[in-house]
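Structure first, then comments.
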Amino acid sequence: MRHNERIGFGSKLGAILAAAGSAVGLGNIWRFPYEVGNHGGAAFILIYLGCVFILGVPIMIAEFVVGRKAKASTGEAFNVLAPKTPWKWVGYLGVLTGFLILGYYSVVAGWTLEYIFQALSGSFLGSAEGDFVTLFKNFSTHPLRPLVCLLVFVLATHWVVVRGVQKGIERSSKLLMPLLFALILILAVCAVMLPGAEKGIRFLLQPDFSKLDSEVFLGAMGQAFFSLSLGMGCLSTYASYFGKESRLAHTAVSVGLIDTFVAVLAGLIIFPAAFSVGISPDSGPSLVFITLPNIFHQAFAGIPLIGYVCSVLFYLLLALAALTSTISLHEVSTAFLHEKFHFSRIKAARLVTAGSLLIGIVSSLSLGCWSGYQIAGLNFFDALDFLTAKIMLPLSAILIAIFVGWYLDKRLVKDEITNKGSLSMPLYPVYSFILRYVAPVGITLIFINELGWL
Ligand code: PFF
31 MRHNERIGFG SKLGAILAAA GSAVGLGNIW RFPYEVGNHG GAAFILIYLG
81 CVFILGVPIM IAEFVVGRKA KASTGEAFNV LAPKTPWKWV GYLGVLTGFL
131 ILGYYSVVAG WTLEYIFQAL SGSFLGSAEG DFVTLFKNFS THPLRPLVCL
181 LVFVLATHWV VVRGVQKGIE RSSKLLMPLL FALILILAVC AVMLPGAEKG
231 IRFLLQPDFS KLDSEVFLGA MGQAFFSLSL GMGCLSTYAS YFGKESRLAH
281 TAVSVGLIDT FVAVLAGLII FPAAFSVGIS PDSGPSLVFI TLPNIFHQAF
331 AGIPLIGYVC SVLFYLLLAL AALTSTISLH EVSTAFLHEK FHFSRIKAAR
381 LVTAGSLLIG IVSSLSLGCW SGYQIAGLNF FDALDFLTAK IMLPLSAILI
431 AIFVGWYLDK RLVKDEITNK GSLSMPLYPV YSFILRYVAP VGITLIFINE
481 LGWL
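Right under this line is the structure:
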């Protein structure tokens, strides 16, 4: 059968690193720290941990079950497991969500290239806070510069994806993920050694439960889902390349741990550095692109070379993390076109690249000269973010939980998770309960909340 002949990851480690590469991205280094900053620090992190391991990991295992059992990309997997039923639309929804996200995610990913360039050219040195606001506004609303960065970033993603599963995705993950860990560790060590860093560390690690409310809880759930790449077909497409010896639950827990570790380390870089120069941690999405560029220079004012190196490394880290995620988003649509319409991989990848560039260009221009064109009061970029992250993602995650928890044969699911009974899984009943009841109800709550109905 055609599906069984497909190429897979060459090793279990390659599979884990590829899935972790999808999960670790702008969500960890850009979004997580500002969510922590806005929601009062360590208390948010505790709730976040609960969301990752109680809800996120079980749904990730469900996505793995779908992908590996069907041995088909998300777009086709539901067709294989539930032929001639409307469940195929869940697969198509995942592909569409991943494709749309790829468009606007690549815009922000492209910004990281501009910031690497600015950091390298030393232009952050000696600038004041106001200069960074101007720099960011001028750049992100410029009609051409962000588009060039977007093009370079999308082409880099394309370059990896056309090389295929083993030579492209697996090899790049094995190279980029260790590099990323090394960079983040170096930066975290530098940041925690700064004078005054203790306040930042305390903010990150000492919970203040008075800050907890339902918004914190729901915000943490949304962040956990985005950060773990759930609901967009990435992880089930990757799971279709897993070997039969891969341990699904073990892989999901490893990805959850790596993703959380990187997010907390990103916090350990940003907050000690921010507190050491007296910058408030709750400056929102602009934290990384406006507040951060001058933090390293101010913090290491006595040794400018370290400030310079740290800012270059930080933006390099951000770019690499974004790249491993755009690769996975690109792969969902490429594999779908390849399998569904029998296009060659190169042709499929070209179509996805062209389509995502188009969406990226419109998203990027909608932040500048096309900001006047609005959909329901939002520019195109924000409207896409709202539609995908707040509507399509939770919807698709609920449907996946119901599909695996309720529709699929229980024995099939258990066989897949235990590798046909060869692995013991004492927590299986707990897993099943979470998937059938807790996850659908929990995600429905995020969904309703994010639409403003709670
Ligand atoms: N998890 C990635 C991040 O944290 O940046 C973003 C992402 C990648 C979301 C792939 C969804 C996805 F399918």
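In the working numbering, each residue's number is its place in the sequence shown (first place is 1) plus 30. We put the CB at the ideal spot given by N, CA and C, even for glycine. Every value quoted in this text rests on a predicted model; they were computed, and no experiment measured them.
Three-state secondary structure (DSSP) of residue i
| i | result |
| --- | --- |
| Leu408 | strand |
| Arg466 | helix |
| Glu106 | helix |
| Ala331 | coil |
| Cys399 | coil |
| Leu438 | coil |
| Leu165 | helix |
| Asn488 | The requested residue 488 is not part of the displayed model; the chain covers only 31 to 484. |
| Thr321 | coil |
| Asn34 | Its pLDDT being 47, under 50, Asn34 is placed unreliably in this model, and the value from its coordinates should be taken loosely. Here Asn34 sits in helix by DSSP. |
| Asp243 | coil |
| Leu43 | helix |
| Val54 | coil |
| Met207 | helix |
| Asp238 | coil |
| Phe83 | helix |
| Gly226 | coil |
| Leu359 | helix |
| Met422 | helix |
| Ala112 | coil |
| Lys274 | coil |
From the options, residue whose alpha carbon lies closest to that of residue i
| i | options | result |
| --- | --- | --- |
| Phe344 | Ile214, Glu200, Glu65 | Ile214 |
| Ala351 | Ser203, Leu322, Gly332, Cys340 | Ser203 |
| Phe83 | Ile476, Ile464, Leu475 | Ile464 |
| Ser396 | Gly156, Leu209, Leu475, Val138 | Val138 |
| Ile320 | Phe162, Gly40, Gly482 | Phe162 |
| Gln148 | Gly133, Ala158, Leu165, Ala331 | Leu165 |
| Lys420 | Gln404, Gly482, Leu111 | Gly482 |
| Tyr501 | Gly263, Ile216, Gly407 | As shown, the chain starts at 31 and ends at 484. That puts residue 501 outside it, with no answer to give. |
| Lys370 | Ile46, Val54, Phe108, Arg441 | Phe108 |
| Leu457 | Val178, Ile430, Gly55, Ala279 | Ala279 |
| Glu361 | Gly152, Asp289, Gly105 | Gly105 |
| His372 | Gly156, Leu132, Ser103 | Ser103 |
| Ile391 | Tyr271, Val95, Asn168, Leu174 | Leu174 |
| Thr281 | His172, Asn449, Ala45, Leu126 | Ala45 |
| Ala218 | His172, Phe94, Leu295 | Leu295 |
Proximity test, residue i beta-carbon vs the ligand GDP heavy atom, cut-off 8 Å
| i | result |
| --- | --- |
| Phe233 | Annotation note on the ligand GDP: not contained in the displayed structure, which lists the ligand PFF as its ligands. |
Span of the alpha helix (DSSP H) around residue i
| i | result |
| --- | --- |
| Asn68 | 62-68 |
| Ala158 | Taken as a continuous stretch (DSSP letters only), Ala158 belongs to no alpha helix (DSSP H), as it is neither H nor E. |
| Trp141 | 118-150 |
| Ala303 | 278-306 |
| Val195 | First-last for Val195: undefined, no H or E at that position. |
| Ser266 | 264-269 |
9 Å Cβ cutoff met for residue i and residue j
| i | j | result |
| --- | --- | --- |
| Leu447 | Tyr461 | Residue 447 is actually Ile in this sequence, not Leu. Cβ distance < 9 Å, so Ile447 and Tyr461 count as in contact. |
| Leu322 | Leu130 | no |
| Ile59 | Val339 | no |
| Ala72 | Pro302 | no |
| Ala379 | Val195 | no |
| Ile231 | Ala48 | no |
| Tyr268 | Ser454 | no |
| His327 | Phe154 | yes |
| Gly128 | Ser270 | no |
| Ala100 | Phe433 | no |
| Ile89 | Ala250 | no |
Any non-hydrogen atom of the ligand PFF within 8 Å of residue i CB
| i | result |
| --- | --- |
| Cys81 | no |
| Gly128 | yes |
| Phe211 | no |
| Phe256 | yes |
| Met262 | yes |
| Asn58 | yes |
| Tyr338 | no |
| Val362 | yes |
| Ala92 | no |
| Leu417 | no |
| Arg175 | no |
| Tyr135 | yes |
| Leu359 | yes |
| Arg61 | yes |
Chain C contact for residue i (CB, 9 Å cutoff)
| i | result |
| --- | --- |
| Leu242 | Here chain C cannot be found, since the structure has a single protein chain. |
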